[in-house]
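Visitor:
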Amino acid sequence: MSLHLLEDIAAQFVVRGDDLEERYLVSGVGWDEYEAVLERLGDSPWYRLTYLEGVLEIVAPSRRHEFNKDSITRLLNVYFEETRTRFYGLGSTTFRSKLKQRGLEPDTSFCIGSEKELPDIAIEVVETSGGIDKLEVYRGLRVPEVWFWQKNQFNLFYLRSDVYEQVTRSQLLPDLDLDLLATYIPHPEPLDAVLEYRARLRTQMS
Numbered sequence: 133m134s135l136h137l138l139e140d141i142a143a144q145f146v147v148r149g150d151d152l153e154e155r156y157l158v159s160g161v162g163w164d165e166y167e168a169v170l171e172r173l174g175d176s177p178w179y180r181l182t183y184l185e186g187v188l189e190i191v192a193p194s195r196r197h198e199f200n201k202d203s204i205t206r207l208l209n210v211y212f213e214e215t216r217t218r219f220y221g222l223g224s225t226t227f228r229s230k231l232k233q234r235g236l237e238p239d240t241s242f243c244i245g246s247e248k249e250l251p252d253i254a255i256e257v258v259e260t261s262g263g264i265d266k267l268e269v270y271r272g273l274r275v276p277e278v279w280f281w282q283k284n285q286f287n288l289f290y291l292r293s294d295v296y297e298q299v300t301r302s303q304l305l306p307d308l309d310l311d312l313l314a315t316y317i318p319h320p321e322p323l324d325a326v327l328e329y330r331a332r333l334r335t336q337m338s
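Residue numbers (the working numbering): 133 to 338.
(1) Would you tell me roughly how many angstroms separate the C-alpha atoms of D239 and S338, rounded to the nearest one?
(2) List the whole-angstrom C-beta distance separating L236 from T182, where the pair is believed to meet the contact cut-off of C-beta under 8 Å.
(3) Around the Cβ of S200, are there at least 16 other Cβ atoms within 10 angstroms (buried) or fewer (exposed)?
(4) What is the rounded straight-line gap between the Cα of Y211 and the Cα of I253?
(5) Any idea what DSSP makes of I253, helix, strand or coil?
(6) What residue range does the beta strand (DSSP E) around Q285 cover?
(7) Would you identify the three-state DSSP class for G267, choosing helix, strand or coil?
(8) At which residues does the alpha helix (DSSP H) containing T315 begin and terminate?
(9) Whether or not the region 161-172 and the region 191-199 are in contact is what I'm after, with contact meaning three or more pairs of Cβ atoms, one per stretch, closer than 8 Å; do they touch?
(10) Between D324, L312, F227, A325, which has its C-alpha nearest Q336's C-alpha?
(11) Entirely within the region 191-268 and at least 3 residues each: give me those beta strand (DSSP E) ranges in chain order.
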C-alpha cells in the first residue's frame, strides 16, 4: 500500500459537522507508512488512526461522538477535583509500539496517581460497530484499564495476566459511581451537567 494512496483515502473524508461517522479500513500497510500517515494527519482533530499488524483504520468521528467524548472528559475532571484524586490527562495522545505493531489514539485517557508513559485508563466512545479490535491493540500496548462508552452506558475491561477481564467497576477508581457519571454524559447542557454532577458528588461525600 503506497503512502500516496493512503493520503488520497484520507483526503476523501469530508468534515461534515453532523452525526455521520466516516470509516475506512485498509490492509497491507507497513509500519513506516503508518508513521508517515500519522505525521501527516496525527495533529488533526478530525481523524482517529488505529493500527494493528498491518491493518490501518482511519475514522472521522461524528459530532455526537465528539460531544460525548468531551462530556466524559469534563465530568471525570470534576470527579478528580472533588475527590482530590491526583490525575494526568493525556487526551488523544498517540500511543504506539513498533515491536508490537500496534498504535492508536484514545478518545480520552488518564494516568492516575503519577504520570506514566502509557495511560492507566483509556476511554473509547463507540458510535458505530466494526473496524479494528481496539481491545486487542490496547492489550498489546498493556494499558491496564479500557472503558467503552456505547448506548449510554460503560463497559469496562481490566488487564489481568495479559487478558482483559470485563469488570463492573473501575479497578483503578473503585469509588467512582459509573451509573451516576453515565446519567450526565448525554445531558444536552454541558454547564448544567457539570454543576449538577458536582453537587451530587458533594452530597454523596458529605
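Note that beta-carbon positions come from the ideal geometry of N, C-alpha and C, so glycine has one too.
Guide: Short version:
(1) The sequence position of residue 239 within the sequence shown is 107, counting from 1. The sequence position of residue 338 within the sequence shown is 206, counting from 1. Going by the C-alpha atoms only, they are around 32 Å apart.
(2) What you label residue 236 is simply residue 104 of the sequence shown in a count that begins at 1. What you label residue 182 is simply residue 50 of the sequence shown in a count that begins at 1. About 4 Å; that satisfies the 8 Å criterion.
(3) For the purposes of this step, residue 200 is taken as the residue at position 68 of the sequence shown. Correcting the residue identity first, residue 200 is Asn in this sequence and not Ser. Under this definition N200 is a buried residue.
(4) The sequence position of residue 211 within the sequence shown is 79, counting from 1. The sequence position of residue 253 within the sequence shown is 121, counting from 1. So the two alpha carbons sit approximately 14 Å from each other.
(5) Within the sequence shown, numbered from 1, the residue matching residue 253 stands at position 121. Correct three-state label for I253: strand.
(6) In the sequence shown, counting from the first residue as 1, residue 285 sits at position 153. Start and end: 285-292.
(7) The residue given as residue 267 occupies position 135 in the sequence shown. Note that residue 267 is Leu in the sequence shown, not Gly. It is helical.
(8) Translated into positions along the sequence shown, residue 315 becomes position 183. Segment 310-316, the alpha helix (DSSP H) holding T315.
(9) no
(10) Position 204 of the sequence shown, counting from 1, holds the residue named residue 336. Among D324, L312, F227, A325, the Cα nearest to that of Q336 belongs to L312.
(11) 219-221, 227-229, 234-236, 240-244, 253-257
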